[in-house]
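Structure first, commentary second.
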Amino acid sequence: MIENVSRKLFKAGSKLILFLIITLYSDHNYSQQIKQRVEITPFAGYLLSSNINTLDGDLVIDHNFNYGGTVDIRTGEDLFIELLYIRTNTGVRFKQEYFETVKYLFDMSIEYFQAGAHVETEMGNFRPFAAFTLGATYFKPKDEKISSELEFSLTAGGGIKYYFLSKLAVRLQWRFLIPIYFSSASIFCSDGHCSIFISGGTYLLQYDLTAGLAFSF
């Protein structure tokens, strides 16, 4: 009797496994053809930051975990409009140049608000992509005596998405985060034509590695 029950359970389990394999295989084939119109991807990762050089030493922004999300809206065969938000909570320290001492200064949050383009290079279960965005970065110290800063910024990066279901994918990405400051602007006019010159640069380079789940609609 026990042997009969075992055989029945084995047959039932085999049929269930076969059904799941066929279902997943069919879903994979379907996902190779579908082109998602909207994707929402919450993510988490780790953000690294360069130091800010001063005459007396370096301002050190601690590396820390970050999180955020993207909304991608398809506008073409391989092109999306991407809306991006990133946040990290970190600390700022001062490293003196000659004495090699490090002094804690304050805690700070950093937020990126961005919009740009997201390009998929292939269709299928594995989809490499690249993304470029422009926007603003908000530096907010927790100490109210220190003023917050809002700077123009850009991001550039890429990664890969793997669709294990037709509307659900794992998204892995690396990204450069670059705040920009503008130091001067001038207007030059000659023979009825005018040109505007703007100079600036970056004092800080950040980058992150993130992983998230992409939900498609």
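Read in order, the letters of the sequence shown correspond to residues 13 to 229 in our numbering. Where a beta carbon is used, it is the ideal one built from N, C-alpha and C, also for glycine.
Beta-carbon contacts of residue i that lie in its chain and below 6 angstroms, excluding the five residues immediately before and after
{"i": "Pro153", "result": "Phe118 and Met120"}
{"i": "Ser61", "result": "Ile73 and Gln218"}
{"i": "Tyr150", "result": "Glu123 and Leu162"}
Whole-number beta carbon distance between residue j and residue i, since they are thought to touch under 8 angstroms
{"i": "Gln218", "j": "Leu59", "result": "6 angstroms"}
{"i": "Ile64", "j": "Tyr215", "result": "6 angstroms"}
{"i": "Gly88", "j": "Phe55", "result": "Contact doesn't hold; Cβ gap of about 24 angstroms is too wide."}
Beta-carbon contacts of residue i that lie in its chain and below 7 angstroms, excluding the five residues immediately before and after
{"i": "His130", "result": "Asp84, Phe92, Glu94, Phe141 and Ala143"}
{"i": "Leu21", "result": "With a pLDDT of 42 at Leu21, under the threshold of 50, the modelled position of that residue is not reliable, and the figure given next carries that caveat. Within the same chain, Leu21 has no close Cβ partners at all."}
{"i": "Glu109", "result": "Asp68 and Gly69"}
Cα-Cα separation, residue i to residue j
{"i": "Asp70", "j": "Gly103", "result": "14 angstroms"}
{"i": "Ala226", "j": "Leu180", "result": "6 angstroms"}
{"i": "Lys308", "j": "His75", "result": "Here the chain covers residues 13 to 229 and nothing more, so residue 308 does not appear."}
{"i": "Arg139", "j": "Ser178", "result": "13 angstroms"}
{"i": "Ala148", "j": "Ile190", "result": "10 angstroms"}
{"i": "Met135", "j": "Glu123", "result": "32 angstroms"}
{"i": "Asn137", "j": "Val182", "result": "10 angstroms"}
{"i": "Gly230", "j": "Val50", "result": "Residue 230 cannot be examined here, being either before or after the span of the chain that is shown, 13 to 229."}
Unbroken beta strand (DSSP E) run spanning residue i, endpoints
{"i": "Glu109", "result": "First-last for Glu109: undefined, no H or E at that position."}
{"i": "Lys152", "result": "Phe138 to Pro153"}
{"i": "Arg86", "result": "Asn76 to Arg86"}
{"i": "Thr222", "result": "Gln218 to Ser228"}
{"i": "Tyr175", "result": "Glu161 to Leu177"}
Candidates the options: closest to residue i by CA position
{"i": "Phe77", "options": "Lys115, Thr87, Arg86 and Asn101", "result": "Asn101"}
{"i": "Lys115", "options": "Ser228, Val72, Gly224 and Gly81", "result": "Val72"}
{"i": "Glu163", "options": "Glu132, Gln126, Arg187 and Ile52", "result": "Gln126"}
{"i": "Leu166", "options": "Ser159, Tyr174 and Leu146", "result": "Leu146"}
{"i": "Glu112", "options": "Pro191, Phe138, Gly57 and Asp68", "result": "Asp68"}
{"i": "Phe188", "options": "Lys173, Gly169 and Val182", "result": "Gly169"}
{"i": "Gly128", "options": "Arg105, Tyr97, Val182 and Glu134", "result": "Tyr97"}
{"i": "Ser228", "options": "Tyr175, Tyr150 and Lys157", "result": "Tyr175"}
Spatial neighbours of residue i in its chain, beta-carbon cut-off 8 angstroms, leaving aside the 5 residues before and after
{"i": "Ser38", "result": "Low local confidence applies: a pLDDT of 46 at Ser38 is under 50, so the model's placement there is unreliable, with the coordinate-based value given in what follows. Counting only Cβ-Cβ distances below 8 angstroms, and skipping sequence neighbours, we find nothing."}
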